[in-house]
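Participant: Have a look at this one before I ask anything.
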């Protein structure tokens, strides 16, 4: 009986030890309890390309805003070109980032390769590794557009 009582607390710990992509908006909420999505699932947390949100991103690059739930994490951001890609072979963070502290984390002016064309279908993959060494994945569907003013993420996070 006592073991059954503790199960909800164990699940709460698992959910709080993940992360959210605030901007560009993630394809779908991979933390929602009523879905089969799981941030443990490579490469896209089990979220199909056609699901949910789409955020246009400027060809020159833009910002990424995250809500991290770990006290520290290793972070990297990759790019996959085309629809429904599983090949995230373009690194937008050439070096692994060591982020200390949970909460809001923003990268401004994240550059993208100069070969991206207007309207190019793409997916931004955010990967974190925490204390356990296991990777967590989230993705944002981001078609590319010409220059425009990026949102001010400092005001929203």
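Residue numbers (the UniProt record's numbering): 1 to 157.
Just so it is clear, CB atoms sit at the ideal spot from N, CA and C, and this is done for glycine as well.
Keep in mind that this is a model prediction, so the values were computed, not measured.
On the CB-based measure, 16 or more other CB atoms within 10 Å of its CB, does residue 8 come out buried or exposed?
Facilitator: Caution is warranted here: a pLDDT of 43 is assigned to residue 8, below 50, making its placement in the model unreliable, and no coordinate value can be reported.
Participant: In three-state DSSP terms, what is residue 138?
Facilitator: Of the three classes helix, strand and coil, the one that applies to residue 138 here is strand, per DSSP.
Participant: Skipping 5 residues on each side, what residues in its chain have a beta carbon closer than 6 Å to that of residue 93?
Facilitator: Taken in chain order, the residues that qualify are 76, 77.
Participant: Taking only three categories from DSSP, how would you classify residue 44?
Facilitator: Residue 44: coil per DSSP, three-state reduction.
Participant: Quick check on DSSP: helix, strand or coil for residue 79?
Facilitator: Of the three classes helix, strand and coil, the one that applies to residue 79 here is strand, per DSSP.
Participant: With DSSP as the reference, identify every bridge partner of residue 23, one or two as the case may be.
Facilitator: DSSP lists 65 as partners of residue 23.
Participant: Identify, in the order they occur along the chain, each residue of the same chain with its Cβ nearer than 8 Å to the Cβ of residue 55, setting aside the five sequence neighbours on each side.
Facilitator: Around residue 55: 23, 24, 25, 140, 141, 142.
Participant: Does DSSP put residue 103 in a helix, a strand or coil?
Facilitator: Residue 103 falls in the strand class under three-state DSSP.
Participant: Does the stretch 61 to 76 come into contact with the stretch 36 to 45, if we say contact requires no fewer than three beta-carbon pairs (one atom in each stretch) closer than 8 Å?
Facilitator: Because the criterion of three Cβ pairs below 8 Å is not met, the stretch 61 to 76 and the stretch 36 to 45 do not touch.
Participant: I need the DSSP call for residue 11, collapsed to helix, strand or coil.
Facilitator: Since pLDDT at residue 11 reaches only 41, below the 50 mark, its modelled position is unreliable, and the value read off the structure follows with that caveat. Three-state result, residue 11: helix.
Participant: Is residue 96 buried or exposed, if buried means 16 or more other CB atoms sit within 10 Å of its CB?
Facilitator: Exposed: under 16 other Cβ atoms inside 10 Å.
Participant: Quick one: Cα of residue 61 to Cα of residue 37, how far?
Facilitator: C-alpha separation (whole angstroms): 28 Å.
Participant: Determine, using beta carbons only, whether residue 106 and residue 51 come nearer to each other than 8 Å.
Facilitator: No. Outside cutoff.
Participant: Quick one: give me the first and last residue of the beta strand (DSSP E) that residue 122 is part of.
Facilitator: Where residue 122 is concerned, the enclosing beta strand (DSSP E) stretches over 122 to 129.
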